[in-house]
Structures are given as C-alpha cells and as structure tokens.
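Take 1 as the starting number for the sequence shown in full-length UniProt numbering and just add one per residue.
Yeah, the Cβ is synthetic: ideal placement off N, Cα and C, and Gly gets one too.
Below is one structure, written out as structure tokens; the observations come after it.
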Amino acid sequence: MFGGGGMNPRKMQQMMEQMGIDVDELDATEVVISLDDGTEVVFSDPDVTKMDARGQETYQVLGDPVERDAADAIEAAPADDSDDTDDDDAIPQGDVDIVVQRASVPEDEAREALEAADGDLAAAIDHVDE
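Shown next, in the form of structure tokens:
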C-alpha cells in the first residue's frame, strides 16, 4: 500500500532524490493569489514549499487565507509614502512599487504610466497593460 506513515524521513529523501525531486522551504512573508473576478486570496506568514520534479516546479502554500478585493488592496497601500517622493516628479515610490508589482513592468515604465495618468494607480495599471 502507499503512504509513508511509517517511512524513515531519510529513506524518503533518498527516494525523492532518485526520482529527481528537489524540495525547498521558502521564507515567504506573504503570498497573494489574484483571481479573475478581481479578488485576491492573501496568506500572511505562510509556510511555502517549492518542489522541483524534473523541471516542473510546484508550490505548496499552507496558512490561513483571507479574501480581499484587489481595488481595496491598492487603496490600502501605505499612506505614509509621502516621504518617498522625489522633488522633481511628486510620484510616491510606494505607488510606483504597486504598479511594478501589479503590471509586471520595470520601475521606469511604471513611473511614466503614473505620470501620464496624473498619479491614478488604476489608470496607470490599465495604461501599461495595453
């Protein structure tokens, strides 16, 4: 029968190595899963395991999930980022970081999109997604 209830962990590790499976624990502080309906599933302080089986990577996330609306997350960005502004362009670094994260673009492209959108986060994200 399958299972590993009585299997020696060292023996299990040897078997996984023979099959080409590598397992690593990741030090994650937060995991965010963005859903098509605009909500996010957020795991704070999760246990994350990465398994690489012959080039196919699989991640396992364990923790207590909390659902939130993605628009609320953008609005809930730290409000104390006013100290992070540059004198010449008045776009808070926190806003740039949000656009970089949400749209997966380089920082300079995110800053340009924010400037074109007069600092509107949602419009900047839409702009770079076009």
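Quick one: Cα of D22 to Cα of L121, how far? 40 Å
Can you name the start and end residues of the alpha helix (DSSP H) that D126 belongs to? L121 to D129
For the putative contact between R68 and T49, defined by C-beta atoms under 8 Å, what is the C-beta separation to the nearest angstrom? 24 Å between Cβ atoms; not a contact.
Rounded separation between V96 and E130 - CA only: 18 Å
How would you write the range of the alpha helix (DSSP H) that L114 sits in, first residue to last? E107 to A116
So what's P9 in DSSP terms, helix, strand or just coil? helix
Rounded C-alpha distance that separates V41 from Q60: 14 Å
Nearest-angstrom Cα distance between A110 and G55? 32 Å
Residue range of the alpha helix (DSSP H) that includes D95: Q93 to A103
How many Å lie between G63 and P46 at the Cα? 5 Å
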